[in-house]
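**Student:** If you're matching positions, the sequence shown starts at 85 in my numbering and goes up one per residue.
C-beta: ideal position from N, C-alpha, C; glycine also.
Given the structure is predicted, the values throughout are model-derived calculations rather than measurements.
The structure under discussion is supplied below as structure tokens; questions concerning it will follow.
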Amino acid sequence: MRTLHVGLRVNDRARSVAYYTTLGYQVVGEVPETPIGHLTMLKLLRDPFVSLELVHDPSRGEVEPGGFNHLVIAVDDVRATVGHLADDGIGSEAPSSPDGSDTFWTAMLTDPDGYRIELVQWPPGHPEGMTAGDLGRP
């Protein structure tokens with residue numbers, strides 16, 4: 085088994101698509117009129133598969149992120165990415181280094197519906213994702 089993608093409910097489909105495409109996602113396709121709403125499938129440019137689904141159904145009321153905490157996106161250079169996003173009108177919290185090094189950086193963003201997004205720059209040689217080693221386990 086493997087996780088395929090995350091579906092986020094959004095209030096305004098066009099606004100959310102504009103936000104996430106500015107962030108670096110590309111629209112792969114749409115599935116209108118499903119039982120859960122209009123679906124917009126997105127992927128990051130270097131990924132071969134859809135990793136984010138925007139779900140728009142105005143009949144379900146306003147979106148409240150609720151128990152969802154955050155989405156994490158790996159980037160090559162957090163500080164450069166934050167700068168490029170700022171140029172495109174997307175603000176973020178100041179980048180910081182969780183371990184105090186010059187090679188491991190994170191920064192937090194908030195999308196138009198209030199979902200939190202963490203940008204992560206792994207140190208050189210780190211696997212593409214989080215591993216047990218990141219949690220102090222072999």
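Please classify residue 165: is it buried, with 16 or more other beta-carbons within 10 angstroms of its beta-carbon, or exposed?
**Tutor:** If you number the sequence shown from 1, residue 165 lands on position 81. Flag for residue 165 reads buried.
**Student:** Mark residue 205 as exposed unless 16 or more other C-beta atoms lie within 10 angstroms of its C-beta, in which case mark it buried.
**Tutor:** By 1-based counting over the sequence shown, the position of residue 205 is 121. Answer is buried; the Cβ neighbour count reaches 16.
**Student:** Would residue 91 and residue 137 be called neighbours here (beta carbons separated by less than 8 Å)?
**Tutor:** By 1-based counting over the sequence shown, the position of residue 91 is 7. By 1-based counting over the sequence shown, the position of residue 137 is 53. In contact: residue 91 and residue 137 (Cβ atoms closer than 8 Å).
**Student:** Should residue 115 be labelled buried (16 or more other beta-carbon atoms within 10 Å of its own) or exposed?
**Tutor:** Here residue 115 refers to the residue found at position 31 of the sequence shown. It counts as exposed.
**Student:** Identify every run of the alpha helix (DSSP H) within the segment 109-145, keeping only runs that are complete inside it and at least 4 residues long; order them along the chain.
**Tutor:** Segments of the alpha helix (DSSP H) lying fully in the segment 109-145: there are none.
**Student:** Could you work out which residue in 124, 183, 89 and 150 is closest to residue 220 when comparing CA atoms only?
**Tutor:** Residue numbering aside, residue 220 sits at position 136 when the sequence shown is read from its first letter. Looking at the Cα atoms, 183 is the closest of the given residues.
**Student:** With residue 219 as the anchor, note down where its alpha helix (DSSP H) starts and where it stops.
**Tutor:** Here the question's residue 219 lines up with position 135 in the sequence shown. Neither: residue 219 is in no alpha helix (DSSP H) and is coded neither H nor E.
**Student:** Answer yes or no: do residue 111 and residue 118 have a C-beta to C-beta separation smaller than 8 Å?
**Tutor:** Against the sequence shown, residue 111 aligns to sequence position 27. Against the sequence shown, residue 118 aligns to sequence position 34. Result no, Cβ atoms of residue 111 and residue 118 do not sit closer than 8 Å.
**Student:** Can you tell me whether residue 169 is buried or exposed, with buried defined as 16 or more other CB within 10 angstroms of its CB?
**Tutor:** Against the sequence shown, residue 169 aligns to sequence position 85. By the neighbour-count rule (16 or more Cβ atoms within 10 Å), residue 169 is buried.
**Student:** Do the CB positions of residue 191 and residue 179 come within less than 8 Å of each other?
**Tutor:** Locating residue 191 in the sequence shown gives position 107, counting from the first residue. Locating residue 179 in the sequence shown gives position 95, counting from the first residue. Their beta carbons are under 8 Å apart, which means residue 191 touches residue 179 by this criterion.
**Student:** Consult DSSP for residue 194 and reduce its assignment to one of helix, strand or coil.
**Tutor:** Along the sequence shown, one-based indexing puts residue 194 at 110. Here residue 194 sits in strand by DSSP.
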